[in-house]
Amino acid sequence: MASLQNKLSVLLPKSRESIARLINEYGDKVISQVTIKQAYGGMRGVKAMICDTSLVEPDKGLIIRGIPILDLTQKLPEEVFYLLLTGELPDASGVKTLQNDLKERQDVPSYVWDVLNAMGDDAHPMTMLSTAILVMQRDSVFSNEYRCGMSKTEYWKPVLEDALRIVARIPAIAAFIYRKRFNKGQRIEPKADLDWAGNFAHMLGVNDTTGNFADLIRLYMVLHCDHEGGNVSAHACHCVGSALSDPFYAVSAGLNGLSGPLHGLANQECLRFVLEVREKYGGVPAKQQIIDFAWETLNSGKVIPGYGHAVLRVTDPRFTAFREFGLKVCPDDEVFQIVDLLFQTIPDVLKEHGHAQNPYPNVDAGSGSLLHHFGITEFDYYTVLFGASRALGMLSQLVLSRGLGEAIERPKSVRTAWIKEIASKL
Ligand code: NMX
Ligand code: MLT
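The opening residue of the sequence shown carries number -13 in this note's numbering; numbering runs sequentially from there.
Now the structure itself:
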């Protein structure tokens, strides 16, 4: 099977041509309208950007290149990365080639360790991850080649090279952040014979002889990898990349967006919430106690982390996949049991509360309990794992954006006075 580079060299020119024809023939057709509510409401539902890597259907959840996420849970993250970029799953030789491509690029420059070591003991792990990616910008192949001058149609090639370097290095960087920030001991070197996520699990240094922890990390990396183009991290990365800022700048920006509690940080907030429940009731509470606790939270003006979604209107299949893993691997774990009890009670509470459009759990509701089971109890770290996985999607989208020659993002903003004027004439 062809390497990613060769495969994309064939695919991208064809896609560029067919998109040019599409715009030429149908460029003036309307695909979306914007209401005043949407303009003030985070542009929810406005169709104004392209993302070919994946789609989120309100009633089905994440679909990657036509394949529902629940059909991809047994795949390796590097296979899914290939799928995101090309629309096809690689065969065994394609996986091997990609794994070798990543291994060739996995050495992290020593200045990254120096910068991370210099950060304070109170730095948030997401600040460390974003900084580590950003500091590698000095070696961006895209920035270098752009400076020397290159044709627009070639942009994607050095962007892919930068993307492969980020993907190759992010497990070692993320694992180091865990070990350094939470005093777990020396950095652990990768092993030559392990797959990308297997190595990540190995470098985290969690003691597990069953192999279940490595499987959890593989699953975690697959489930979080992409969620179409409009979520905050993907959109931030896309927007920054559209200025031809290189992948290091763009992914760092995306990670900064992921660090918000309404987005990726919800997984740490979620485990905090679960532990508060356990603490307050001295273990797994009764259903009514959980319901009371949820109402207390809502009445104090806070959100229930891990519940609700901007697009989904059903239980997130990514939550379902984590729950199934938990039911198999740690059904007796108290923290997992509380997560499961929340799943049985929170949707009805949120329905009665009547605010959230979607009362069901999202990806962040269950992931933390599984990490906690394997001893990763430092929940401030959880979003770093989300970020390492989401880099696969952000980078795939970025390579395709440059490959398809997308324009710099520059929507029009309007003033409230203008909206009032328009509204008064309606
Ligand atoms: N708990 C309490 N209130 C909620 C929740 C929730 N879990 N979800 C939504 N609402 C409220 C929301 O704050 C808003 O309130 P108000 O009318 O007072 O402004 C109202 O319901 C309508 O919001 P929606 O249209 O349902 O949600 P929106 O699309 O604006 O936001 C989220 C989506 C995901 C930001 C929101 O559901 C939320 O804050 N959930 C909790 C945080 C979370 O789990 N985030 C992770 C999302 C997944 N990820 O990984 O990124
Ligand atoms: C994500 O995975 O990015 C989240 O579910 C948020 C979203 O899609 O809006």
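For every residue, glycine included, the Cβ atom is placed at its ideal position computed from N, Cα and C.
Residue i (DSSP reduced to helix, strand or coil)
i: P176; result: coil
i: V321; result: helix
i: I277; result: helix
i: I22; result: helix
i: E265; result: helix
i: K143; result: helix
i: G379; result: helix
i: G216; result: coil
i: I332; result: helix
i: M136; result: coil
i: S(-5); result: helix
i: G389; result: helix
i: K33; result: coil
i: L62; result: coil
i: E11; result: helix
i: G400; result: A small fix is needed here, since residue 400 is Val in this sequence, not Gly. V400 falls in the coil class under three-state DSSP.
i: T195; result: coil
i: M105; result: coil
i: A364; result: Checking the sequence shown, residue 364 turns out to be Glu, not Ala. Residue state, collapsed to three classes: coil.
i: A229; result: coil
i: F259; result: helix
i: K166; result: helix
i: V94; result: coil
i: K89; result: helix
i: L251; result: coil
i: K288; result: coil
i: S245; result: coil
i: R309; result: helix
i: I342; result: The question names Ile, but residue 342 is Ala in the sequence shown. Correct three-state label for A342: coil.
Status (buried if at least 16 other CB within 10 Å, exposed otherwise) for residue i
i: A34; result: exposed
i: K23; result: exposed
i: K288; result: exposed
i: Q446; result: The structure shown has nothing for residue 446, since the chain only spans -13 to 412.
i: N242; result: buried
i: G106; result: exposed
i: A160; result: buried
i: K61; result: buried
i: N185; result: buried
i: H221; result: buried
i: I394; result: exposed
i: N86; result: exposed
i: C316; result: buried
i: E407; result: exposed
CB-CB length for residue i against residue j, believed under 8 Å
i: I290; j: T331; result: So it is not a contact: roughly 10 Å between Cβ atoms.
i: V153; j: L378; result: 6 Å
i: L(-2); j: W142; result: 6 Å
i: G419; j: I174; result: This structure leaves residue 419 out entirely; the chain is present only between -13 and 412.
i: S353; j: N253; result: 5 Å
i: F128; j: P233; result: 7 Å
i: L146; j: Q(-9); result: 6 Å
i: M207; j: A183; result: 5 Å
i: N344; j: L298; result: 6 Å
i: H110; j: D366; result: 6 Å
i: Q383; j: C225; result: With 8 Å as the limit, Q383 and C225 do not qualify as a contact, their Cβ atoms being about 11 Å apart.
i: P54; j: E65; result: About 15 Å; that fails the 8 Å criterion.
i: T39; j: D212; result: 5 Å
i: G80; j: Y68; result: 6 Å
i: Y293; j: N348; result: 7 Å
Bridge partner(s) assigned by DSSP for residue i
i: V42; result: L48
i: P347; result: Y293
i: P54; result: I49
Test: residue i CB closer than 9 Å to a CB of chain B
i: N10; result: Chain labels in this structure do not include chain B; a single protein chain is all it has.
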